[in-house]
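> The working numbering applies: residue 2 is where the sequence shown begins, and numbers increase by one.
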Amino acid sequence: MESERDARFPQLLRDLRLRQGLTVRELARRIGRSVGFVSQIERGLSQPSVEDVQAVGKALGVHSMYFLQQAAVRTHPWASRPQDRRTLGYAHGITDQVVSPALSRKFIMLETCLEAGAGFAEHNILDSDEQAGYVLEGVLELWVNDEAMSLRPGDAFQFASSASSRCINPGPGLARVLWIYS
């Protein structure tokens, strides 16, 4: 899902890397990826995975939400409308849209869309204490500490971000989840 908003990620990444005085080689080493991969991301030739964005955020000392750009200026700082939200498309059919009107509060709400077959590999969220979610559409297969559950619209979940977790949309249609991180 490439969009004009997705095109901002490469520039943000490059600007932050240069501001910190890092070479492409050093950033690649810190995130465990190749120099070519980082170069392709910075030139907008490849999209990072969710895990890549988290690793880059950690390596550069910023919350992974730093890379989500706002589409428009809001008139009310306590509310957001769909056309005003930050969006980032990742590799493998995953898109996050920031539903929260502000990133500076104690939690962040994301609407995560997963195309059929898309999912997150096993990971721990490094820049969050706890996470919860509410399935809006489709089916989400979720594993928390190797315990699996199939979640459908109206189902909710909550667990410590330090727990090992992974998920997938088994398809055939889109899965939409309101995801909350604290």
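Each residue gets a CB set at the ideal place from its N, CA and C atoms; glycine is no exception.
Put V63 into one of helix, strand or coil per three-state DSSP.
Three-state result, V63: coil.
> Which residue from G45, W79, L14 and F158 puts its Cα closest to that of L137?
Of G45, W79, L14 and F158, the residue nearest in Cα terms is F158.
> Measure the beta-carbon distance from Y182 to S129 and round it to whole angstroms, keeping in mind my assumption that it falls under 8 Å.
Right, their Cβ atoms sit about 4 Å apart.
> To the nearest angstrom, report how far apart S4 and G94 are at their CA atoms.
Per-residue confidence for S4 stands at a pLDDT of 47, beneath the threshold of 50, marking its modelled position as unreliable; the derived number appears in the next sentence. Going by the C-alpha atoms only, they are around 13 Å apart.
> Under three-state DSSP, which class holds L115?
In the structure shown, L115 sits in a strand (DSSP, three-state: E or B).
> Return the residue from the list I109, T76 and G90 that minimises the CA-CA distance to E52.
Nearest option by C-alpha distance: G90.
> Here's the rule I'm using: 16 or more other beta-carbon atoms within 10 Å means buried, otherwise exposed. How should G58 be labelled?
Counting Cβ neighbours within 10 Å, G58 comes out buried, since at least 16 surround it.
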